[in-house]
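Inspection log for the structure reproduced underneath, given as structure tokens.
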Amino acid sequence: PHVATSSWYTQQGGSLGRSMSSPGLRNEMPDYVIPSWMHEDAAEMEKIPKPGGAMLNLRDSVTIQSMKNAQRNQGTYKLFSGQFDGTTTTATAHSLEALEPVPPSAIGL
17 PHVATSSWYT
27 QQGGSLGRSM
37 SSPGLRNEMP
47 DYVIPSWMHE
57 DAAEMEKIPK
67 PGGAMLNLRD
77 SVTIQSMKNA
87 QRNQGTYKLF
97 SGQFDGTTTT
107 ATAHSLEALE
117 PVPPSAIGL
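For the sequence shown, my numbering assigns the number 17 to the initial residue and increments by one for each residue that follows.
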């Protein structure tokens with residue numbers, strides 16, 4: 017038989033009706049429920065700046081791990097009281113400042 021005369025063929029413009037096997041396919045959307053892992057991640061994020069909060073857990077997401085690593089890498093104290101010239105000992109000894117004589121008034125003579 018031709019396709020146009022088969023029982024399963026519908027012509028253009030026709031519509032398929034609902035089947036009894038798909039009663040759950042409705043037009044209404046269910047209410048959105050926030051997944052539990054989002055609540056857990058939010059609780060972990062709150063703990064990060066607190067002492068011990070930067071310790072990695074096995075179930076931490078990549079985002080949480082990177083936030084914890086960034087917090088851990090900040091350190092807990094400030095080196096050199098915030099004053100650092102960024103030169104090595106050799107560079108300091110052989111700089112122009114090291115070659116200039118110190119005036120006696122600066123030493124207290």
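We put the beta carbon where it would ideally sit given N, CA and C, even for glycine.
Check, Outcome
"Candidates A59, S111 and L112, of which the one nearest S77 by Cα", "A59"
"Proximity below 9 angstroms, CB of L72 to CB of N85", "yes"
"Contacting residues, own chain, Cβ-Cβ under 8 angstroms from D57 (five flanking each side not counted)", "S77, T79 and I80"
"M83 classed as buried or exposed, judged by whether at least 16 other C-beta atoms fall within 10 angstroms", "buried"
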